[in-house]
Amino acid sequence: MSDHNPCMSCGICCTHFRISFYWAEGDDAPGGFVPAHMTEKLNGHLRCMQGSNSVPRRCSALAGEVGRAVACTIYDNRPTPCRELPVYFDDGAPNPKCDELRATIGLPPLPRFDLPRAA
Ligand code: SF4
Ligand code: SF4
11 MSDHNPCMSC GICCTHFRIS FYWAEGDDAP GGFVPAHMTE KLNGHLRCMQ GSNSVPRRCS
71 ALAGEVGRAV ACTIYDNRPT PCRELPVYFD DGAPNPKCDE LRATIGLPPL PRFDLPRAA
């Protein structure tokens, strides 16, 4: 597999899901890290990224043009759900959910990559 990160030319998941997470991941809580000013309260336990709670969705932290060139402006401090969607599984197979979402904006399926064989 090349070093190219397929997410950098995709970003569709950042406009598809409501990005909700435990409220204390916000940086207004002790140990929190997600910029709280970019979130909104959902209830006593959960908050979500602004822009992701209504349709059309687009997380307020997403920069760029979906399907062409995008970036997460809070990448190092993105919330848990953004860290939990694997593009590839350990066996080198692409995540079918990614391919499903990518297809909605005309992007091709992700290539499978072969892991080096153990000697
Ligand atoms: S849908 Fe998959 S490939 Fe596209 S940005 Fe999200 S994680 Fe990356
Ligand atoms: S925080 Fe970053 S990775 Fe998560 S949905 Fe927003 S732009 Fe995408």
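According to the numbering used here, the sequence shown is numbered sequentially starting from 11. All residues carry an ideal CB built from backbone N, CA and C; glycine is no exception. Fair warning: this is a prediction, and the values are worked out from it, not measured in the lab.
Self-check item: Length of the line joining the Cα atoms of residue 50 and residue 18
Solution: 26 Å
Quiz prompt | Any non-hydrogen atom of ligand 2 closer than 7 Å to residue 89 Cβ | solution = yes
Practice problem: Examine the Cβ distances between the stretch 101-117 and the stretch 79-92 and report whether three or more of them are shorter than 8 Å. | Solution: no
Practice problem: State buried or exposed for residue 11, treating a residue as buried only when at least 16 other CB atoms are found within 10 Å of its CB. | Solution: Low confidence applies here, because residue 11 scores a pLDDT of 43, under 50, leaving its location unreliable and the question unanswered by this model.
Quiz item: Going straight from the alpha carbon of residue 92 to that of residue 71, what length do you get?
Solution: 12 Å
Self-check item: Rounded C-alpha distance that separates residue 25 from residue 44
Solution: 18 Å
Quiz item: Hey, quick one: how far does the alpha helix (DSSP H) through residue 113 stretch, first residue to last?
Solution: 106-113
Practice problem: Give a single yes or no on whether residue 111 has its beta carbon closer than 7 Å to a heavy atom of ligand 4. | Solution: Questions concerning ligand 4 fall outside what the structure shown contains, since the ligands it does hold are ligand 1 and ligand 2.
Quiz item: Would the stretch 105-115 and the stretch 30-41 be scored as touching if the rule is three or more Cβ pairs under 8 Å?
Solution: no
Practice problem: Closer than 6 Å by C-beta to residue 89: which residues in its own chain qualify, once you throw out the five before and the five after it? Chain order, please. | Solution: 31, 35, 44
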